[in-house]
Structures are given as C-alpha cells and as structure tokens.
Amino acid sequence: MKVLLINGSPHEEGCTYTALCEVAGELEKAGIETELFHVGKQPIRGCIGCGYCKNKGNKCVFGNDTVNTALEKARDADGFIFGSPVHYAAASGMLTSFLDRFFYAGTVLKYKPGAAVVSCRRGGAAAAFDQLNKYFTISSMPVVSSQYWNMVHGNTPDEVRQDLEGMQTMRTLGKNMAWLLKSIEAGRKAGVTLPEEEEPQRTNFIR
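Just so we're aligned, residue 148 is where the sequence shown starts under my numbering, counting upward by one.
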C-alpha cells in the first residue's frame, strides 16, 4: 500500500513539508509506503473545463507542468494527503489550480482515502482546511480525520516542530490513514465490493 503526499507550498522543505513528513513517518512505521511530491515553483494553469482529460486517459491538455506527472503517480497510490500553506485564509493559488485539474481528470481517485493538511503562521487555517476537504467529498473519497483539525502553526519549520499539538495531530492522522487503508484492504480480501453506482443525475436550477 502507498500514500502519495502532495506538497502545495512554493517552499519545497518549509512548514508544509515539515507537517507532511510527520504524517509520513507514522505511515512508514505502519508499513505503508509513502512518496512526497512537490508541485514545484513554476506557474500552474487553472482548469478550463475543456473535457480533454475525459477522452484522453485522464491526462490534462496542459502537459507542460506537474499535474500529469502527479496523475500518473495517482494510479498506483492507495491514499492521498494534500498539504498547503495558508494564503489569505485559503489554500495556495498554485495548489488550487493544481487540484482543480488533478481532480477534474482524476477518476482514479474514487474510493481512495484523502486528507488535507494546512500550515499557517497564525490564522486562516480552518477556512483553507475546509476548502481542501471539498475536493474529497465531491469525488467519492473517504475523508481521513485526526484528533483535531489537520493544521500546524509556525513561521518556520523549527517553529512548526514546536507546535506540539499540531505535530501530534499529524502523527494521529498518519495512524488513522494507515488503519483505514488496512481496513479497506481487509474488506477487499473478505469479498466486500465497491458501492454500486447509479447513473449520474444532473439537476440544473435554470431551464
């Protein structure tokens, strides 16, 4: 089993990375393989809703950034954790553009557990955390929780490590993700099948 941890911060080894590493450590202790993936510092275009990905094997039409690379890695992942710094009480603009395209194209995400992690200096974490969780709940993904909302506070990695409750929350998140992945695997081996899907019903409010 493998969890893909996506770092949506422009700082490759900053506060968000520090939080994700704490989660990854607990996953690895539980025998879960992890991979940290940095979205990078280059501009990421937003989704234009062209539908290309639906007809081209879940590949985005914009192939010159990290989104398609991450989509390939997603095929082999059993769970996902998305980390972001807090920018104006929201996820980073770069990660938001990344996730809009990643989730629009990523049909391989369905029924795989997901979790969000946010880091901030002081405020805005709850709003950013709420924004990120919406990607999971529109994609039939089980949401993994912890003992508190998945957030850490600090202006530097050293300060984040001093947030003892935040670090503990990250470790609990890793343990909970490992437990859920193993439970899903046990259910699969016991013959539990995925939910039967209905034909999608689209209801427009203006006709």
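All C-beta atoms, glycine included, are put in the ideal place defined by N, C-alpha and C.
Query - Other residues of its chain near G261: CB distance less than 6 Å, five sequence neighbours each side excluded - result: Listed in chain order, the non-local C-beta contacts of G261 below 6 Å within the same chain comprise F227, F283 and M288, local neighbours out to five positions each way being set aside.
Report task. Figure out for me which residue from N280, V339 and A252 has the closest Cα to the Cα of K203. Result -> Out of N280, V339 and A252, A252 has the C-alpha closest to the C-alpha of K203.
Requested in this report: Return helix, strand or coil for V255, following the three-state DSSP convention.
Outcome: Reduced to three states, the DSSP call for V255 is helix.
Query - Inter-residue Cα distance where the pair is E159 and H185 - result: If you take the alpha carbons of E159 and H185, they lie about 6 Å apart.
Query raised in the report: With DSSP run on the structure shown, which of helix, strand or coil describes T243?
Result: The three-state reading of DSSP puts T243 in helix, counting H, G and I together.
Query - Bridge partners - F184, DSSP secondary structure assignment - result: F184 pairs with I153.
Query raised in the report: Whole-angstrom Cβ separation of M148 and L327, contact assumed at under 8 Å?
Result: Actually they do not touch by this definition, with Cβ atoms about 10 Å apart.
Query raised in the report: For L151, is the classification buried or exposed, using 16 other Cβ atoms within 10 angstroms of its Cβ as the cut-off for buried?
Result: With 16 or more Cβ atoms within 10 Å of its Cβ, L151 is classed as buried.
Query raised in the report: Can at least three beta-carbon pairs, one atom from the segment 333-340 and one from the segment 189-198, be found at a separation below 8 Å?
Result: No, the segment 333-340 is not in contact with the segment 189-198.
Query raised in the report: Are the Cβ atoms of A263 and N211 separated by less than 8 Å?
Result: Taking a C-beta distance under 8 Å as the contact criterion, A263 and N211 do not qualify as a contact pair.
Report task. Could you work out which residue in T303, M324 and V299 is closest to Q315 when comparing CA atoms only? Result -> The residue from T303, M324 and V299 with its alpha-carbon nearest to that of Q315 is V299.
Report task. In angstroms with no decimal places, state the Cα-to-Cα distance between Y164 and I353. Result -> Each residue's Cα considered, the two are about 44 Å apart.
Query raised in the report: What are the residues that DSSP puts in a beta bridge with V265?
Result: According to DSSP, V265 bridges with S231 and M298.
Query raised in the report: Roughly how many angstroms lie between the CA atoms of A236 and G301, to the nearest whole one?
Result: Approximately 15 Å, taken between the alpha carbons.
Query - Exposure label - R222; buried when at least 16 CB within 10 Å - result: Exposed: under 16 other Cβ atoms inside 10 Å.
Requested in this report: Look up A275 in the DSSP assignment and say whether it is helix, strand or coil.
Outcome: Residue state, collapsed to three classes: helix.
Requested in this report: Can you say whether T243 is buried or exposed, counting buried as having 16 or more other CB atoms within 10 angstroms of its CB?
Outcome: Counting Cβ neighbours within 10 Å, T243 comes out buried, since at least 16 surround it.
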